[in-house]
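Numbering (my numbering), first residue to last: 29 to 287. Positions of the beta carbon are idealized from the N, C-alpha and C atoms, including for glycine. Structure first, commentary second.
Take a look at the structure:
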């Protein structure tokens, strides 16, 4: 007979997030204007926080929206943030607007990615970058970080694999540190296995880190930009990001402008 694991009490969850952010109770008190005595009583279960206090502390601790719902549920309150599917009618207008941005970025590649770097959608220019990848890496959901660095993905065509791999590893590791999501930690470990530890002594080769990739025998160079929804109030939308690639040299620009 199995017994389901009991969810941690809200005080323990708050303490965990405070420790993850490396805050002392005094530092959190200074940031939140909640006394250290009351914080201690909340963390030890001697005081019960209001939903307003939980949201206030979550702001100071930069707690992701999904985890804020977990805090609320642990305290006996209803969750505040929806977590819809990508085809849910409630976010249809947002998703439609973002997909229009993908098409507007043509002839250059652009992707819409979820919080774990899985492709939600992409414009037609992305297809030529993925040519030659192992079929199993292109089975949905396609993870861009994995496809870029896997030996059977783009890795053999990326001319600056160490630099680009270090850049992606840093991004994934940073998000893992913020969210403490197990999938983020697993993805960071997987990427580290492909590229190894970053070499801080390696000189940077330009004003921005570029992706140097061979496409049909042509060495192309791109720099990327990333945009997120800073006003998201849905947990799914919070991690959504639009990745766009722009030519980093005239040869790359000419090749794509001719299409």
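CA-to-CA distance, residue j to residue i, given in whole angstroms
| i | j | result |
| --- | --- | --- |
| residue 107 | residue 126 | 26 Å |
| residue 246 | residue 93 | 43 Å |
| residue 130 | residue 224 | 32 Å |
| residue 240 | residue 102 | 47 Å |
| residue 135 | residue 273 | 10 Å |
| residue 39 | residue 46 | 11 Å |
| residue 49 | residue 95 | 14 Å |
| residue 311 | residue 157 | Lying outside 29 to 287, the shown extent of the chain, residue 311 is not represented and no answer is given. |
| residue 29 | residue 41 | Annotation note: pLDDT 44 at residue 29 (below 50); position unreliable, coordinate value reported separately. Distance between the alpha carbons of residue 29 and residue 41 is about 28 Å. |
| residue 175 | residue 161 | 8 Å |
| residue 164 | residue 185 | 18 Å |
| residue 124 | residue 90 | 28 Å |
| residue 259 | residue 113 | 18 Å |
| residue 145 | residue 212 | 9 Å |
| residue 65 | residue 78 | 16 Å |
| residue 72 | residue 54 | 16 Å |
| residue 275 | residue 282 | 9 Å |
| residue 196 | residue 278 | 25 Å |
| residue 37 | residue 80 | 17 Å |
| residue 141 | residue 216 | 16 Å |
| residue 100 | residue 187 | 48 Å |
| residue 31 | residue 148 | Confidence is the limiting factor: at residue 31 the pLDDT is only 45, short of 50, which leaves the residue's position unreliable and the question unanswerable from this model. |
| residue 56 | residue 133 | 43 Å |
| residue 74 | residue 51 | 21 Å |
| residue 67 | residue 177 | 44 Å |
| residue 110 | residue 35 | 21 Å |
| residue 210 | residue 234 | 34 Å |
Terminal residues of the beta strand (DSSP E) in which residue i lies
| i | result |
| --- | --- |
| residue 155 | Note, residue 155: premise wrong, no beta strand (DSSP E); alpha helix (DSSP H) at 154-157. |
| residue 149 | 147-150 |
Sheet register partners of residue i (DSSP bridge)
| i | result |
| --- | --- |
| residue 186 | 241 |
| residue 247 | 242 |
| residue 171 | 146 |
| residue 269 | 141 and 256 |
| residue 275 | 250 |
Outcome for residue i when other beta-carbon atoms lying within 10 angstroms are tallied against a minimum of 16
| i | result |
| --- | --- |
| residue 182 | buried |
| residue 270 | buried |
| residue 280 | buried |
| residue 117 | exposed |
| residue 238 | buried |
| residue 121 | exposed |
| residue 143 | buried |
| residue 166 | exposed |
| residue 200 | buried |
| residue 172 | buried |
| residue 285 | exposed |
| residue 168 | exposed |
| residue 70 | buried |
| residue 154 | buried |
| residue 179 | exposed |
| residue 152 | exposed |
| residue 267 | buried |
| residue 138 | buried |
| residue 190 | exposed |
| residue 193 | buried |
Residue i CB to nearest heavy atom of the ligand MN below 7 Å
| i | result |
| --- | --- |
| residue 279 | This structure lacks the ligand MN; in fact it carries no ligand of any kind. |
Continuous alpha helix (DSSP H) stretch holding residue i: start and end
| i | result |
| --- | --- |
| residue 61 | Careful: residue 61 lies outside any alpha helix (DSSP H) and carries neither H nor E. |
| residue 86 | 79-89 |
| residue 131 | 120-132 |
| residue 100 | 93-102 |
| residue 222 | 210-223 |
| residue 41 | 38-48 |
| query | Taking three-plus beta-carbon pairs below 8 Å as touching, is the segment 51-63 in contact with the segment 80-94? | reply | yes
| field | At least three beta-carbon pairs within less than 8 Å, the segment 200-215 to the segment 243-251 | value | no
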